[in-house]
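Trainee: Protein chains in written order, with this note's numbering: chain V, 822 to 933; chain Y, 11 to 124.
Backbone N, C-alpha and C fix where the C-beta goes; we use that ideal spot for every residue, glycine too.
Submitted below is the structure of interest, expressed as structure tokens.
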């Protein structure tokens, strides 16, 4: 499985935008870029995913580099509830299921 | 409410006990997953079921035995565990493969082996 590299931790002030980077230089043409987050004492939750084009949803935006070797998750206005570990994961859809292989992620601290 | 429930939420068991973890999804999905999250380690994928058939066993010791009787239920049977098996066990579900469907996770079962 292709590997991703993320900073161990980041800090952001409340109500400011946050840009969480992810490097995936060995990404293959069929790999999707997924982002999940895990809030304290909870299971992970899906945030967003994309293949080549930038994506927006109600939670965040995903900016994908033109060569697809890196991506950035953008939280437009960080709130205290966004404090979590954010995981960038590459997946290749399979006929049976879509396996996720988690790394260590980025721990985001939001400062009031 | 995530649509994926797990019971029990907490479990303490001795090394000679036999216990089972239960996962139920109410989302109409046909793929289910077990993950293990140990302290200070990334989540590890353990087992994957698709349409009630096991499609992946990620080198998990035989003291962990999964069972998927139907597409809504997933069990993890535990026997003769070791203290290092203490962890958070997470269940997830998704629609079938062939597309990058997101996984929905349950809250987990916190297992302590004494």
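For the segment 878–887 of chain V against the segment 12–29 of chain Y, do three or more pairs of beta-carbon atoms, one drawn from each stretch, fall closer than 8 Å, so that the two count as touching?
Mentor: Counting Cβ pairs under 8 Å, fewer than three are found: no touch.
Trainee: On the criterion of 16 or more Cβ atoms from any shown chain inside 10 Å, does residue 932 of chain V qualify as buried, or is it exposed?
Mentor: Per the 10 Å Cβ criterion, exposed.
Trainee: Going along chain V, which residues have a C-beta under 8 Å from residue 49 of chain Y?
Mentor: Result: empty, since nearest Cβ-Cβ is about 13 Å, beyond 8 Å.
Trainee: Using only the alpha-carbon positions, how far apart do residue 119 of chain Y and residue 841 of chain V sit?
Mentor: Cα-Cα distance, rounded: 29 Å.
Trainee: Which residue from V/913, V/901 and V/923 puts its Cα closest to that of residue 861 of chain V?
Mentor: For the residues V/913, V/901 and V/923, the minimum Cα distance to residue 861 of chain V belongs to V/901.
Trainee: When burial is assigned at 16 or more other CB atoms within 10 Å of the CB, is residue 93 of chain Y buried or exposed?
Mentor: Classification of residue 93 of chain Y: exposed, given that the 10 Å Cβ count is below 16.
Trainee: Alpha carbon to alpha carbon, how far is residue 858 of chain V from residue 896 of chain V? Give it in angstroms, no decimals.
Mentor: Using only the alpha carbons, I get a separation of about 12 Å.
Trainee: Contact defined as beta carbons within less than 8 Å: I believe residue 126 of chain Y pairs with residue 33 of chain Y. What is the distance between those atoms, to the nearest angstrom?
Mentor: Residue 126 of chain Y is absent from the structure shown; chain Y starts at 11 and stops at 124.
Trainee: Which whole-angstrom value describes the C-beta separation of residue 844 of chain V and residue 925 of chain V, a residue pair presumed to lie in contact below a C-beta threshold of 8 Å?
Mentor: Not quite, the Cβ-Cβ distance comes to about 13 Å (not below 8 Å), so this is no contact.
Trainee: With distances taken from CA atoms, which of V/853, V/882, V/890 and V/919 is nearest residue 871 of chain V?
Mentor: That would be V/853, whose Cα lies nearest to the Cα of residue 871 of chain V.
Trainee: Tell me the DSSP bridge mates of residue 891 of chain V?
Mentor: Answer is V/844.
Trainee: Mind checking who residue 87 of chain Y pairs with in its DSSP beta bridge?
Mentor: Residue 87 of chain Y pairs with Y/30 and Y/75.
Trainee: Is the Cβ-Cβ distance between residue 863 of chain V and residue 117 of chain Y less than 8 Å?
Mentor: Result yes, Cβ atoms of residue 863 of chain V and residue 117 of chain Y sit closer than 8 Å.
Trainee: I want to see whether chain V comes within less than 8 Å of residue 11 of chain Y, judged by CB atoms only; does it?
Mentor: Below a pLDDT of 50, predicted positions are generally treated as unreliable, and residue 11 of chain Y, at 49, falls in that range; no measurement from the model is reported.
Trainee: How about residue 103 of chain Y and residue 41 of chain Y: do their beta carbons lie closer than 8 Å?
Mentor: Yes.
Trainee: Can you grab the Cα-Cα spacing for the pair residue 919 of chain V / residue 57 of chain Y, in whole Å?
Mentor: Roughly 12 Å separates the two Cα atoms.
Trainee: Would residue 864 of chain V pass as an interface residue toward chain Y - the criterion being a Cβ-Cβ separation below 8 Å?
Mentor: Yes, residue 864 of chain V lies at the interface with chain Y (some Cβ there is under 8 Å from its Cβ).
Trainee: Using a Cβ-Cβ cutoff of less than 8 Å, which residues in the same chain neighbour residue 890 of chain V once the five nearest sequence positions on both sides are dropped?
Mentor: Taken in chain order, the residues that qualify are 844, 845, 846 and 848.
Trainee: Determine the closest residue to residue 826 of chain V out of V/921, V/836, V/911 and V/929, with distance taken between C-alpha atoms.
Mentor: Of the candidates V/921, V/836, V/911 and V/929, the one whose C-alpha sits nearest the C-alpha of residue 826 of chain V is V/911.
Trainee: Can you say whether residue 97 of chain Y is buried or exposed, counting buried as having 16 or more other CB atoms within 10 angstroms of its CB?
Mentor: Buried, by the Cβ-count rule.
Trainee: Quick one: does residue 30 of chain Y have its CB under 8 Å from some CB of chain V?
Mentor: Answer no: the Cβ-Cβ gap between residue 30 of chain Y and chain V never drops below 8 Å.
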